[in-house]
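Chains as they are written, first to last, in the numbering used here: chain A, 430 to 719; chain B, 5 to 303.
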Amino acid sequence: MSATTTFEEDNITPARRRDPLLVVLWVALVTVAAIWVAPFVFITFTAMKSNSDVMTTSAFSPPTDIAWENFSGAWKKGNFSNTFLNSVIITAVKVPLGLLISAMAAYALARIRLRWGRFLLVFVLFGAMIPFQVMLAPLFTLVNSLGLIDTYIGVILPYLAFGVPYQVFILHGFFRAVPKELSEAALIDGASHFTVFRRIFLPISLPVLAALLILDFVATWNEFAMALVLLQNKNMWTLPLGLMSFQGQFSNSYGQLNAAIVMTVLPAVIVYLIFQRYFVSGLTSGAVKG
Amino acid sequence: MSRISHLQSPRAQALILLAPAIGIYTIFAIWPMIEVVILSFQRWNGLDADRVWAGLENYRYIFADDPVYWIAFKNTVIWTVLSVIFPPLVGLLLALGLNEKMFARGAMRAIYYLPVIIAPIAVATMWRWMYDPFFGLFNQIMTGMGLQGWIQDWLGDRDVALYSMFIAYIWQHVGFSMVLFLAGLQGVDRSLVEAARIDGASRWQVFRYVTLPALQVTMTIVIVLSTISSLKAFDIVYGMTGGGPAQSTQMLAMWAFTQSMQIFDFGRGSAISVTLLLITLAVVVPYLRWSQKREDAAR
């Protein structure tokens, strides 16, 4: 974890002699960055314009009278209070619970000598690579046979299952690197593994857990394909499903459609802007350094 | 500690710690994968009580009679090739640039990464609106620059739709490759770079003989992850075109879903899924072997 990149480690020292190539590079990067934010600007502007303004004004001209009613209108028409609540409930249960069971399993695999430990580890890691998109039909069949279609549990359980591999992978790597001395003394004194896990390993892994928590929050918040097959009843839909249906029904209410996009995306963007550095450390600690 | 119970054997404790994760994972991730293989040999509409054994009939059908399968296959191949080349390449260029100390570097990194955290379905909705033939961003820009001749129905024209969709995909995924490359660049020895510069190596030579070799592992990881994520492209297809127009953006994951969940032919849908699963495994298994070996070597 020591050498992970963060977005915030800049300490800009004024260049004493400006390298011309660096200036060119900088201009190029800024230009491309402007292109990269352009869609956000366009969407936000459109979300604040009335339909007639959308049709008569240029895409990048800021709205003159802000049409706040787009947001309230989209919120009502798109049944957002419902989908928002469902997303909140599912995410609030799935994310901490998933992290807990992954951490428990990762601890056991990393710190308890088991004959089939290595096999289990590969078995779990394998799951990080298989796309659940190919299994939508059997997932539906399974959840249906358990009578859990259109329930929170019915979607939370598969979410948990597909979250386990990556989190176990990261946490296993982290736990294994913890020096033996830290846990051995406690174990010799007769503490159980549960105690060591809870009192020693969970506290020291807080930064990693925070990173995984935030990554998983975004992944769960954004998940679409599984929710699409497991949540058929409109009242159980999550935000992405609500947005999709909104697009289908009201694609000509441009202002409201864009307001709906903004409202769907905003929570993830806010979380990202606040916790930026955790995203990066969470991603890179696994993929590159693992 | 006089009371000795089962709970004190490390093995039993391990079992308790492992059970929830492994249990849920096996039931809800591994079992569906086995089930999809079983289903692919059966005829079933998803509702009836009995599932009829069909042997290889579903496979024969999708390979020989399904008018869409090979279109979806071809599109998936094109999509994967494009996704393995462009997002990593652009990501590498951005990472090389943003690895230099410069003004607003942090802000730029944040901007390039921002689309990664947005729901793919929201990206699809955003871009669908930007591609709107009448009021969308692209055609407005074309008009503004006097390029009326370039105006297109970006998602309605079957020759262009797949590539229009891919532009949105690049926009979303470049940040991911960039971050991995930035992390990889931390592993490049600064003193080695400086030594090479002092010895008179050109920028290109430093890149070619110092930086690039140091990035080899990162490169492999980025390419494998890009391949896997491109094979499972689903949300963006569903949200942007639904596979149309005239199946021109149809892909395997989407077509498997359509067969099973919309046409209610679970057998054919699962047979399509199995072919996609096999393609994925052909990438994943060698990669896992390779990373295991690397880990063993590092130990």
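Glycine residues also receive a C-beta, built at the ideal position from the N, C-alpha and C atoms.
Values in this document were obtained by computation on a predicted structure and should not be read as measured data.
Closest by CA to residue i, which one among the options?
| i | options | result |
| --- | --- | --- |
| Lys-523(A) | Asp-494(A), Ala-534(A), Leu-514(A) and Leu-589(A) | Leu-589(A) |
| Tyr-246(B) | Gln-263(B), Ser-233(B) and Thr-231(B) | Rather than Tyr, the amino acid found at residue 246(B) in this sequence is Gly. Checked all of Gln-263(B), Ser-233(B) and Thr-231(B); the closest Cα to Gly-246(B) is Gln-263(B). |
| Val-517(A) | Ile-585(A), Gly-556(A), Ala-689(A) and Phe-626(A) | Ile-585(A) |
| Ala-237(B) | Leu-184(B), Ile-82(B), Phe-211(B) and Arg-293(B) | Ile-82(B) |
| Val-72(B) | Ile-283(B), Val-278(B), Ala-275(B) and Trp-259(B) | Trp-259(B) |
| Gly-243(B) | Met-665(A), Ser-680(A) and Leu-659(A) | Ser-680(A) |
| Val-41(B) | Ser-481(A), Val-597(A) and Leu-565(A) | Leu-565(A) |
| Gln-254(B) | Ile-20(B), Ala-200(B) and Leu-159(B) | Leu-159(B) |
| Val-226(B) | Leu-21(B), Pro-92(B) and Val-56(B) | Pro-92(B) |
| Asn-143(B) | Gln-678(A), Val-553(A), Tyr-683(A) and Ala-488(A) | Ala-488(A) |
| Met-484(A) | Leu-141(B), Met-112(B) and Ile-28(B) | Leu-141(B) |
| Ala-199(B) | Val-214(B), Trp-131(B), Phe-185(B) and Met-149(B) | Val-214(B) |
| Ala-606(A) | Leu-43(B), Ala-33(B), Glu-299(B) and Ile-26(B) | Glu-299(B) |
| Leu-528(A) | Phe-603(A), Ala-639(A) and Ala-467(A) | Ala-639(A) |
| Pro-249(B) | Trp-154(B), Ala-76(B), Leu-86(B) and Val-192(B) | Ala-76(B) |
| Ala-689(A) | Ala-126(B), Ile-122(B) and Thr-80(B) | Ala-126(B) |
| Phe-548(A) | Ile-26(B), Phe-67(B) and Val-197(B) | Ile-26(B) |
| Leu-21(B) | Asn-662(A), Val-658(A) and Val-625(A) | Val-625(A) |
| Thr-520(A) | Ser-674(A), Phe-704(A) and Ala-656(A) | Ala-656(A) |
| Arg-15(B) | Leu-543(A), Ser-531(A), Asp-482(A) and Asn-508(A) | Leu-543(A) |
| Gln-562(A) | Ala-286(B), Ser-295(B) and Leu-281(B) | Leu-281(B) |
| Met-112(B) | Ala-302(B), Ala-99(B) and Asp-203(B) | Ala-99(B) |
| Ala-648(A) | Asp-579(A), Val-698(A) and Val-572(A) | Val-698(A) |
| Leu-285(B) | Val-228(B), Arg-207(B), Met-182(B) and Gln-266(B) | Val-228(B) |
| Asn-79(B) | Met-265(B), Gln-251(B), Pro-124(B) and Thr-231(B) | Gln-251(B) |
| Trp-133(B) | Met-149(B), Met-169(B) and Ala-108(B) | Met-169(B) |
| Gln-220(B) | Ala-187(B), Ala-128(B), Ala-205(B) and Leu-86(B) | Ala-187(B) |
| Ile-115(B) | Asn-651(A), Ala-457(A), Gly-546(A) and Ala-462(A) | Ala-462(A) |
| Tyr-707(A) | Glu-652(A), Val-658(A), Asp-645(A) and Val-691(A) | Asp-645(A) |
| Ala-275(B) | Phe-32(B), Ile-240(B), Gln-17(B) and Phe-45(B) | Phe-45(B) |
Per DSSP, which one or two residues make a beta bridge with residue i?
| i | result |
| --- | --- |
| Arg-298(B) | Beta-bridge pairing links Arg-298(B) to no other residue. |
| Val-81(B) | Looking at the DSSP assignment, Val-81(B) forms no beta bridge with any residue, so it has no partner. |
| Arg-47(B) | Val-56(B) |
List the residues of chain A that residue i touches, going by C-beta distances under 9 Å, in chain order.
| i | result |
| --- | --- |
| Thr-284(B) | Met-558, Ile-559, Pro-560 and Val-563 |
| Gly-50(B) | Ala-566, Phe-569, Thr-570 and Asn-573 |
| Ala-58(B) | Near Ala-58(B) there are no residues of chain A at all, since even the closest Cβ is about 15 Å away, more than 9 Å. |
Give the residues of chain A in contact with residue i, contact being defined as C-beta atoms less than 8 Å apart.
| i | result |
| --- | --- |
| Ala-301(B) | The contacting residues do not exist; Ala-301(B) stays about 14 Å from chain A at best. |
| Phe-270(B) | Ala-566 and Thr-570 |
| Gly-247(B) | Those do not exist, as Gly-247(B) stays about 14 Å from chain A at its closest Cβ, beyond 8 Å. |
Report, in whole angstroms, the separation of the C-beta atoms of residue i and residue j, which I expect to be a contact under 8 Å.
| i | j | result |
| --- | --- | --- |
| Lys-506(A) | Gln-676(A) | Lys-506(A) to Gln-676(A), Cβ: 12 Å. No contact. |
| Leu-189(B) | Asn-103(B) | 5 Å |
| Tyr-683(A) | Thr-475(A) | 6 Å |
| Val-288(B) | Met-558(A) | 4 Å |
| Val-597(A) | Ala-534(A) | 5 Å |
| Val-192(B) | Ala-218(B) | 4 Å |
| Phe-604(A) | Ala-539(A) | 4 Å |
| Ile-495(A) | Met-477(A) | 5 Å |
| Ile-202(B) | Val-593(A) | Rounded, the Cβ-Cβ distance is 50 Å, inconsistent with contact. |
| Asp-482(A) | Pro-492(A) | 7 Å |
| Asn-515(A) | Met-665(A) | 6 Å |
| Leu-568(A) | Pro-124(B) | Contact doesn't hold; Cβ gap of about 18 Å is too wide. |
In chain A, which residues lie less than 7 Å from residue i when you measure between Cβ atoms?
| i | result |
| --- | --- |
| Thr-129(B) | Leu-672, Gln-676 and Ile-690 |
| Lys-236(B) | Pro-560 and Gln-562 |
| Tyr-116(B) | Ala-462 and Trp-465 |
| Leu-86(B) | In chain order: nothing, as chain A lies at least about 18 Å away. |
| Met-37(B) | Ile-559 and Met-564 |
Run down chain B in chain order and give the residues with a C-beta less than 8 Å from the C-beta of residue i.
| i | result |
| --- | --- |
| Asn-662(A) | In chain order: nothing, as chain B lies at least about 15 Å away. |
| Phe-630(A) | What Phe-630(A) touches in chain B: nothing, since even the nearest Cβ is about 11 Å away. |
| His-622(A) | Pro-14, Gln-17, Ala-18 and Leu-21 |
| Leu-554(A) | Leu-292 |
In chain B, which residues lie less than 7 Å from residue i when you measure between Cβ atoms?
| i | result |
| --- | --- |
| Ser-531(A) | Ala-25 |
| Pro-587(A) | Phe-32 |
| Asn-687(A) | Trp-133 |
| Ile-472(A) | Met-130 |
Mind listing the chain B neighbours of residue i? Cutoff is C-beta to C-beta under 9 Å, in chain order.
| i | result |
| --- | --- |
| Ser-487(A) | Gln-144 and Gly-148 |
Against chain B: residues of the stretch 569-581 of chain A by CB proximity under 9 Å: Hits within the stretch, in order: Phe-569, Thr-570, Leu-571, Val-572 and Asn-573.
Positions along the stretch 93-109 of chain B whose CB lies within less than 8 Å of some CB in chain A: Within the stretch 93-109 of chain B, the qualifying residues are Leu-98, Gly-101, Leu-102, Glu-104, Lys-105, Met-106, Phe-107, Ala-108 and Arg-109.
Chain A contacts from the stretch 58-75 of chain B (Cβ-Cβ distance under 7 Å): Those would be none; no residue qualifies.
Residues of the stretch 202-225 of chain B with Cβ closer than 8 Å to any Cβ of chain A, in chain order: Within the stretch 202-225 of chain B, the qualifying residues are Arg-207, Val-221, Thr-222 and Ile-225.
Short-range partners of chain A found in the stretch 249-276 of chain B, where Cβ spacing is below 9 Å: For the stretch 249-276 of chain B, which is checked against every Cβ of chain A, the residues closer than 9 Å are Leu-256, Ala-257, Met-258, Ala-260, Phe-261, Gln-263, Ser-264, Met-265, Phe-270, Gly-273, Ser-274 and Ile-276.
Chain B contacts made by the stretch 474-504 of chain A, where a contact means CB separation under 9 Å: Residues of the stretch 474-504 of chain A with a C-beta less than 9 Å from any C-beta of chain B: Thr-475, Val-483, Met-484, Ser-487, Ala-488 and Phe-489, listed in chain order.
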